[in-house]
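The number in the working numbering is simply the position in the sequence shown, starting from 1, with 8 added.
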Amino acid sequence: MVDLFRKCEGFFSDPEFALKLGYPISPRVAKEQGIYPFFIPLDQTEGTEVTVGGKRLIMIGSNNYLGLTTHPKVREAAINAIKEFGTSCTGSRFLNGTLAMHAQLEEELADYIGMEKALVFSTGYQTNLGTISALLDRSDIVVCDKEDHASIYDGCHLSLGKMKRYAHNDMADLERVLASNPESAGTLVVVDGVFSMGGDIVPLPEVVALCKKYGARLMVDDAHGLGTVGGGRGTAAHFGLTKSVDLVMGTFSKSFASIGGVIAGAESTMLWIQHRARSLIFSASLPPPNVATVLAALDVMRREPERVDRVNAIGDKMRKGYRAIGLNVGNSQTPIVPIFIGDQMKAMHAWKALFEAGIYANVALPPAVPEGMAILRTSYMATHTDAQMDRVLETMAAVVKEAHILD
Ligand SMILES: Cc1ncc(COP(=O)(O)O)c(C=O)c1O
């Protein structure tokens, strides 16, 4: 019998093995060269600044768009929830794991997003897994944008339905796919509202029109749209199309400064998902401090909508600044501003140069981005200062030269 773990040994000790798997460099070799950009332990984080090995860095790699992880009211809510309810529900929503505060959060989120009902899961990933797999039967079809998030794809794989894909934001290709579906198949189109890597917004009016034309249901994953577009209420609100979308999905791990996920839609759909989504039923519920954090964050979002304007103004400033130094930021329209770098090794060297100069950005390689591509993913917070942003732009200009990004 072959040893099941031989691939792990190969991946660990043979640099060529990783290359054959499509990695630009073996993770071990990258670590030895100091250009491994993943799993970096942060000693401290205060939102816009973090400390790594005693070094202070400006954080431009977080999804804390509204800067709420350190908001005094949000912190206090989490601490008080632990004092009152303890640290965990130690059970599923289905059984002992639904607190009154879960129900309150669902009501408030349904109202905020503009849907009849909402259902809270323990992570955004589980929300997509559970929702998509609960809705699709063997004869159904799910249609995804090629740049949809991995959790959407995993939900499709877990479902009994057939998955089809269309080219990113290409409405002619979406129509081609929809037109090819048999009339007997139920169809769900799933799109990211704001694409997590490109920072671009889905052309929702066109997607809605095509779904209507072909009788498909529409789900928008608004992990990055809630808190950043539509005054904070997301992509459907941004386009004034809340009533034309069947399902809005969100995560609490970004603007809501917590962890967890939500799906919102019609009451009958929520009742179905509640009783059919295995990632909801067979997994423990969101712990009290995390629920309390989202409730408090939502309160701040309603009271301080200027945070949404601020983070978007920073996104605009950074896009303009990066373009001025010759960088390609693609079609970004939000506080996610990617810097496209064709060469994956160059992206890793640029990451290291930024890190050494006191800036923490993210590198995204396949499968997070399409094959053969690499990006430096930068993302901003309402709490970043103008001085911090000016320093990032100055540093980036120097790094562009040092890492030969434009050569
Ligand atoms: C578009 C999108 N959907 C879903 C998720 C999963 O959410 P979570 O990390 O909260 O589980 C993410 C997280 O990165 C995401 O970017």
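Cβ coordinates follow ideal geometry from the N, Cα and C atoms, glycine included.
Source: prediction; values computed, not measured.
Return yes when the C-beta of residue i is under 8 angstroms from any heavy atom of ligand 1, and no when it is not.
| i | result |
| --- | --- |
| Ala90 | The amino acid occupying residue 90 in the given sequence is Ile; Ala does not appear at that position. No, Cβ of Ile90 sits at least 8 angstroms from all heavy atoms of ligand 1. |
| Met257 | yes |
| Lys154 | no |
| Gly268 | yes |
| Ser287 | no |
| Gln341 | no |
| His232 | yes |
| Ile271 | no |
| Tyr133 | yes |
| Ser70 | no |
| Phe47 | no |
| Asp208 | no |
| Ile333 | no |
| Phe260 | yes |
| Leu141 | It is Ser, not Leu, that sits at residue 141 in the sequence shown. Result no, Cβ not under 8 angstroms from ligand 1. |
| His157 | yes |
| Ile281 | no |
| Ile43 | no |
| Asn370 | no |
| Ser263 | no |
| Asn136 | yes |
On the criterion of 16 or more Cβ atoms from any shown chain inside 10 Å, does residue i qualify as buried, or is it exposed?
| i | result |
| --- | --- |
| Phe46 | exposed |
| Ser167 | buried |
| Gln112 | exposed |
| Ile48 | exposed |
| Leu65 | buried |
| Arg327 | buried |
| Gly240 | buried |
| Gln341 | buried |
| His79 | buried |
| Cys219 | buried |
| Ser159 | buried |
| Asp51 | exposed |
| His110 | buried |
| Phe129 | buried |
| Phe13 | exposed |
| Thr98 | exposed |
| Phe6 | The structure shown has nothing for residue 6, since the chain only spans 9 to 415. |
| Ala187 | exposed |
| Leu144 | buried |
| Ala395 | exposed |
| Ala272 | buried |
| Ala6 | Outside the shown range of the chain, which is 9 to 415, sits residue 6, and nothing can be said about it. |
| Ala224 | buried |
| Pro378 | exposed |
| Val270 | buried |
| Pro190 | exposed |
| Asp22 | exposed |
| His412 | exposed |
| Cys152 | buried |
| Ser192 | exposed |
| Ser34 | buried |
Hey, residue i and residue j are a contact pair by Cβ (cut 8 angstroms); roughly how many whole angstroms apart?
| i | j | result |
| --- | --- | --- |
| Gly206 | Gly42 | Their Cβ separation, rounded to whole angstroms, is 29 angstroms, which puts Gly206 and Gly42 out of contact at 8 angstroms. |
| Leu384 | Trp359 | 7 angstroms |
| Leu76 | Val308 | 6 angstroms |
| Met381 | Pro375 | Not quite, the Cβ-Cβ distance comes to about 11 angstroms (not below 8 angstroms), so this is no contact. |
| Asp156 | Gly201 | 11 angstroms between Cβ atoms; not a contact. |
| Ala38 | Leu303 | The Cβ separation is near 41 angstroms, so there is no contact. |
| Ala321 | Glu124 | Not really, about 34 angstroms apart at Cβ, beyond 8 angstroms. |
| Ile209 | Thr243 | 6 angstroms |
| Leu362 | Thr403 | 7 angstroms |
| Ala390 | Tyr73 | 7 angstroms |
| Val150 | Val198 | 6 angstroms |
Any Cβ of chain B within less than 9 angstroms of the Cβ of residue i?
| i | result |
| --- | --- |
| Asn336 | Of the chains in the structure shown, none is chain B; there is only one protein chain. |
Would you say the beta carbon of residue i is closer than 8 angstroms to some non-hydrogen atom of ligand 3?
| i | result |
| --- | --- |
| Ile383 | Summarising the ligand content, the structure contains ligand 1 and does not contain ligand 3. |
**Request:** Could you say if the segment 129 to 149 and the segment 163 to 181 meet the contact criterion of at least three C-beta pairs nearer than 8 angstroms?
**Result:** Counting C-beta pairs closer than 8 angstroms gives three or more between the segment 129 to 149 and the segment 163 to 181, which meets the contact rule.
**Message:** Any contact between the segment 292 to 301 and the segment 97 to 113? By contact I mean 3 or more CB pairs, one from each, below 8 angstroms.
**Reply:** The segment 292 to 301 is in contact with the segment 97 to 113.
**Asked** Using 8 angstroms as the threshold, is the segment 45 to 59 in touch with the segment 399 to 408, meaning 3 or more CB pairs across them?
**Response** Counting Cβ pairs under 8 angstroms, fewer than three are found: no touch.
**Asked** Which ranges would you report for the alpha helix (DSSP H) in the segment 150 to 228 if only whole runs of at least 4 residues count?
**Response** Runs of the alpha helix (DSSP H) inside the segment 150 to 228: 158 to 166, 179 to 188 and 212 to 222.
**Request:** Identify every run of the beta strand (DSSP E) within the segment 298 to 375, keeping only runs that are complete inside it and at least 3 residues long; order them along the chain.
**Result:** You should have 344 to 349 and 370 to 372.
**Message:** So, does the segment 350 to 357 touch the segment 314 to 321, judging by three or more C-beta pairs under 8 angstroms?
**Reply:** Contact fails: fewer than three Cβ-Cβ distances are below 8 angstroms.
**Message:** Would the segment 222 to 238 count as touching the segment 246 to 264 if we require 3 or more Cβ pairs under 8 angstroms?
**Reply:** Yes: the two stretches touch, three or more of their Cβ pairs being nearer than 8 angstroms.
**Message:** Runs of 3 residues minimum, wholly inside the segment 94 to 148: which ones carry the beta strand (DSSP E) assignment?
**Reply:** Here the runs fully enclosed are 125 to 129.
**Asked** Can we say the segment 358 to 372 touches the segment 67 to 76, given the rule of at least three CB pairs closer than 8 angstroms?
**Response** Contact between the segment 358 to 372 and the segment 67 to 76 is present, because at least three Cβ pairs lie under 8 angstroms.
**Message:** So within the segment 256 to 306, which uninterrupted beta strand (DSSP E) runs reach at least 3 residues, ignoring any that extend past its ends?
**Reply:** List check, beta strand (DSSP E) in window: 269 to 273.
**Asked** Any contact of the segment 83 to 90 with the segment 296 to 310, i.e. 3+ C-beta pairs under 8 angstroms?
**Response** Judged by Cβ distances under 8 angstroms, the segment 83 to 90 makes contact with the segment 296 to 310, as three or more pairs qualify.
**Item:** Cβ contact check for the segment 123 to 139 and the segment 272 to 292: 3 or more pairs under 8 angstroms
**Value:** Yes, they touch.
**Request:** Would you check if there are 3 or more beta carbon pairs closer than 8 angstroms linking the segment 169 to 187 to the segment 203 to 223?
**Result:** In this structure the segment 169 to 187 touches the segment 203 to 223; the number of beta carbon pairs closer than 8 angstroms is three or more.
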